[in-house]
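Before any comments, here is the structure.
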Amino acid sequence: MDGTQTEGFFGYLKLSKRFKNHLFTLSAFAAPQQHGQRSYSQPIQYWSADEALNLGLTIDSSQNYYNQGVQFNQHWGYRTIDGKKEVFNERLNYYTKPQITLKDFWKVNDKLSISNLAYLSIASGGGTRIFNSSSLQRDSIGLIDWDRVIEDNQVNSLFGTPNVDAAYHPTLIKSNNVLLASVNKHFWVGYLGQFNYEFTEKVSFSGGIDYRFYKGEHYQEIKDLLGGDYFVSTANQNSSTAMMVEGDKVAKNAYNAYRDGLVNWIGSFGQMEYTGDKWSTFINVSGIINSYKGIDYFQKRELDLGDTILQIGANDTINYNGEEYTSNSSGLTNVQTDWKTIPGFTFKSGASYAVNDHSNVFMNIGYLSRTPQFSNVIDNNTNTFFKEIVNEKILALEGGYNLAGKAFGINLNGYLTNWKNKPFPYGVSVPDPQDPTETIRININGMDAIHIGGEFDLAWKINKIFSTELMFSYGDWFWNSSKTVFIPQYDSLEISFDAKGVHVGDAAQTALSAALRIQPLKQLYFKIQYQFFDRYYANFDPFSLQGENGGRESWMIPSYSMVNLFAGYRYKFKSFVLFCNGNITNMLNNIFITDARNNYNDPFNFDAQSANVMFGQGFRFNVSLGIQF
1441 MDGTQTEGFF GYLKLSKRFK NHLFTLSAFA APQQHGQRSY SQPIQYWSAD
1491 EALNLGLTID SSQNYYNQGV QFNQHWGYRT IDGKKEVFNE RLNYYTKPQI
1541 TLKDFWKVND KLSISNLAYL SIASGGGTRI FNSSSLQRDS IGLIDWDRVI
1591 EDNQVNSLFG TPNVDAAYHP TLIKSNNVLL ASVNKHFWVG YLGQFNYEFT
1641 EKVSFSGGID YRFYKGEHYQ EIKDLLGGDY FVSTANQNSS TAMMVEGDKV
1691 AKNAYNAYRD GLVNWIGSFG QMEYTGDKWS TFINVSGIIN SYKGIDYFQK
1741 RELDLGDTIL QIGANDTINY NGEEYTSNSS GLTNVQTDWK TIPGFTFKSG
1791 ASYAVNDHSN VFMNIGYLSR TPQFSNVIDN NTNTFFKEIV NEKILALEGG
1841 YNLAGKAFGI NLNGYLTNWK NKPFPYGVSV PDPQDPTETI RININGMDAI
1891 HIGGEFDLAW KINKIFSTEL MFSYGDWFWN SSKTVFIPQY DSLEISFDAK
1941 GVHVGDAAQT ALSAALRIQP LKQLYFKIQY QFFDRYYANF DPFSLQGENG
1991 GRESWMIPSY SMVNLFAGYR YKFKSFVLFC NGNITNMLNN IFITDARNNY
2041 NDPFNFDAQS ANVMFGQGFR FNVSLGIQF
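Take the sequence shown: its letter number 548 is residue 1988 in this note's numbering, and every next letter is one higher.
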């Protein structure tokens, strides 16, 4: 993909020590990386005019850019640094997430074993983006012209003079546009304790506790002033100045304000298991208590005086009951929510029956009351709790058959999942009744989905040289809801839509994979794989399913396939093994759509013309070398 250069490293360390009937293990790993991104979906004609014509679409050649090619990436260009043109990415993702784990496995006796695991992760990273993408200057082929962006920051285009704003500084240059980094830091610590007790050779009981504490720190900071000396931002109401420089925290909008998200999780589980000659069965019950809290550092700080709460910004002076209060007054605290605690639980049970030494049948059932993710509990636009917060309710049934021989294996299973309150992450936007030009975010509860399907896979070792693999899956996933949404903030407002029978988007519901593996030597193998995907429905805005569009099916993207090639070689020396692996993905360079969303270009249309899409990657390869000691 154009402009998506990648750098990455991986390090791993593990130390183990046995002490009597304990095995202590200390492990640590880290994998710092950075890579350019391609983020925006676009109309089909933007990527490929030929593909648009093949789908019977109308080409609008008046658009600034079209037929850019499926490998095109609009998020990069060239920037002159020290007289040289260098690649410069607008969208650069960077992240480092080291983790340290300490584990003790304790074999108490022949019947009882206990494990204790503690872990710590302190991570930092983010992703860059321009503050105002609509003002980006581009060259004739659509790449970002960074030199012109910098020039526009430095020079007033109307008067041809330095871009100076006397209201802030008489000589310093004010940037009109800057490169931001959306930063995500986290502190994550946890403990997992488990035990297993064997009553008999056939009956055992296991259980444990799980504790996690997570603190996520989220903000935007200025990464590059792009030729200017400062940037004006009034988002932080606790800052005494609006003049921001590189490294300062800003916010493009309320959603991106400087906030912490805190999650406290504690859970426990127990499982009884029976393993007989023919029958095996288990029952598992678990429960959790999840607590959420949000802290906002950009809203005016609060001062609790007992009979009232004052909001005081950096430059505020408030007189109350004869007293003067400023940002220097003692007792000021950042705006924060209370802790909201939500319980959840899981019940699972299953059984299997051994037909013979090589095959068995099984059935599992489960019911989950799953606590919502943080983004569906606290509205990041306001740092307040959503008005309606409910758990997902999932009833799942699964059954199947397994056959495992020396050279031949088959797995066959079917499933039925009734998924209630399936969330839209981060809620959805609806018009604000008090100001139709603005939007508010709400949770949509009662969005129920049915997932029915089956999966089949086969592996056959034909002889010492040849073996084959086959996988096929077929699903029917559809929404089972017609819904009237009452906006809690406004008792009089309700919005109705009908998604009943509309297929769930964002995944292929039919998939096929077939592979042939050739191993002419013990150390050498080749594998060619064919993949096919079909019945992939576009995502959609649920509020588009109103009136005549109620229950209207989403657009289904054309089916697609690809051929992949894998190879590997291992050479064993006396004290180490040298290995080389490689693969070619989409070796025939097929062009296909991998993701789509309806209603982008027409809010009440559901076809390819209205959709924004992403195309899959073309021919690409990867080679790795390694040494195993």
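Every residue, glycine too, gets a C-beta built ideally from N, C-alpha and C. These numbers were taken from a predicted model, which means no experiment stands behind them.
Residue from the options with nearest C-alpha to residue i
i            : options                : result
residue 1728 : 1671, 1811, 1711       : 1811
residue 1840 : 1533, 1446, 1800, 1470 : 1800
residue 1994 : 1659, 1758, 1918       : 1918
residue 1555 : 1541, 1759, 1567, 1562 : 1541
residue 1860 : 1832, 1850, 1882       : 1832
residue 1989 : 1827, 1937, 1707, 1996 : 1937
residue 2035 : 1582, 1974, 2044       : 1974
residue 1435 : 1842, 1808, 2051, 1792 : Residue numbering for the chain in the displayed model covers 1441 to 2069; residue 1435 lies beyond these limits and cannot be assessed.
residue 1558 : 1503, 1784, 1587, 1632 : 1632
residue 1587 : 1643, 1725, 1523       : 1523
residue 2060 : 1854, 2023, 1691       : 2023
residue 1893 : 1916, 1905, 1886       : 1916
residue 1869 : 1959, 1934, 1983       : 1983
residue 1497 : 2047, 2065, 2055       : 2047
residue 1675 : 1688, 1669, 1668       : 1688
residue 1829 : 1862, 1760, 1771       : 1862
residue 1576 : 1838, 1817, 1515, 1510 : 1515
residue 1731 : 1686, 1752, 1704, 1745 : 1704
Contacts around residue i, its chain only, beta-carbon distance under 6 Å, and the 5 residues preceding and following it disregarded
i            : result
residue 1465 : 1456, 1543
residue 1913 : 1895, 1951
residue 2028 : 2003
residue 1546 : 1462, 1554
residue 1567 : 1533, 1622
residue 1835 : 1807, 1858
residue 1956 : 1908, 1968
residue 1638 : 1551, 1644
residue 1679 : 1754
residue 1898 : 1850, 1910
residue 1720 : 1792
Residue range of the unbroken beta strand (DSSP E) whose run includes residue i
i            : result
residue 2073 : Nothing in the structure corresponds to residue 2073, since the chain is present only between 1441 and 2069.
residue 1838 : 1832–1844
residue 1634 : 1619–1638
residue 1650 : 1643–1664
residue 1719 : 1719–1736
residue 1478 : First-last for residue 1478: undefined, no H or E at that position.
residue 1544 : 1539–1547
residue 1741 : 1741–1744
residue 2026 : From DSSP, residue 2026 is part of no beta strand (DSSP E); its letter is neither H nor E.
residue 1462 : 1462–1470
residue 1604 : Looking at the DSSP string, residue 1604 is not in any beta strand (DSSP E), and its letter there is neither H nor E.
residue 1891 : 1889–1901
residue 1828 : Counting along the chain, residue 1828 falls outside any beta strand (DSSP E), and DSSP gives it neither H nor E.
residue 1555 : 1552–1570
residue 2036 : 2033–2037
residue 1499 : Element bounds for residue 1499: n/a, residue is neither H nor E.
residue 2051 : Where residue 2051 is concerned, there is no enclosing beta strand (DSSP E), given that its DSSP letter is neither H nor E.
residue 2003 : 2000–2012
residue 1995 : Unbroken run through residue 1995: none, as it is neither H nor E.
residue 1582 : Here residue 1582 belongs to no beta strand (DSSP E), and DSSP marks it neither H nor E.
Presumed contact (8 Å Cβ cut-off) between residue i and residue j, rounded CB distance
i            : j            : result
residue 1847 : residue 1780 : 56 Å between Cβ atoms; not a contact.
residue 1539 : residue 1469 : 6 Å
residue 1622 : residue 1677 : Actually they do not touch by this definition, with Cβ atoms about 20 Å apart.
residue 1743 : residue 1769 : 6 Å
residue 2064 : residue 2030 : 24 Å between Cβ atoms; not a contact.
residue 1619 : residue 1666 : 6 Å
residue 1614 : residue 1657 : Contact flag wrong, Cβ pair sits at about 29 Å.
residue 1592 : residue 1616 : 6 Å
residue 1649 : residue 1708 : 5 Å
Own chain residues within Cβ distance below 7 Å of residue i, not counting five before or after
i            : result
residue 1940 : 1919, 1920, 1921, 1922, 1991
residue 1798 : 1843, 1844, 1845
residue 1945 : 1977, 1978, 1979, 1980, 1994
residue 1519 : 1526, 1528, 1586, 1587
residue 1581 : none
Limits of the unbroken alpha helix (DSSP H) element including residue i
i            : result
residue 1486 : 1484–1487
Neighbourhood of residue i by C-beta distance below 8 Å, restricted to the same chain and skipping five residues each side
i            : result
residue 1499 : 1485, 1489, 1492, 1493, 1506
residue 2005 : 1966, 1967, 1968, 1969, 2023, 2024, 2027
residue 1948 : 1973, 1974, 1975, 1976
List in chain order: all unbroken beta strand (DSSP E) runs of 3+ residues lying wholly within the stretch 1908–1992.
-> Those beta strand (DSSP E) runs which fall completely within the stretch 1908–1992 and span 3+ residues are 1922–1926, 1934–1938, 1948–1961, 1964–1977.
What are the start and end residues of each continuous beta strand (DSSP E) run of 3 or more residues lying completely inside the stretch 1767–1819, in chain order?
-> Counting only runs of 3 or more, we get 1780–1796, 1799–1810.
Which runs of the alpha helix (DSSP H) spanning at least 4 residues fall entirely within the stretch 1666–1726, listed in chain order?
-> none
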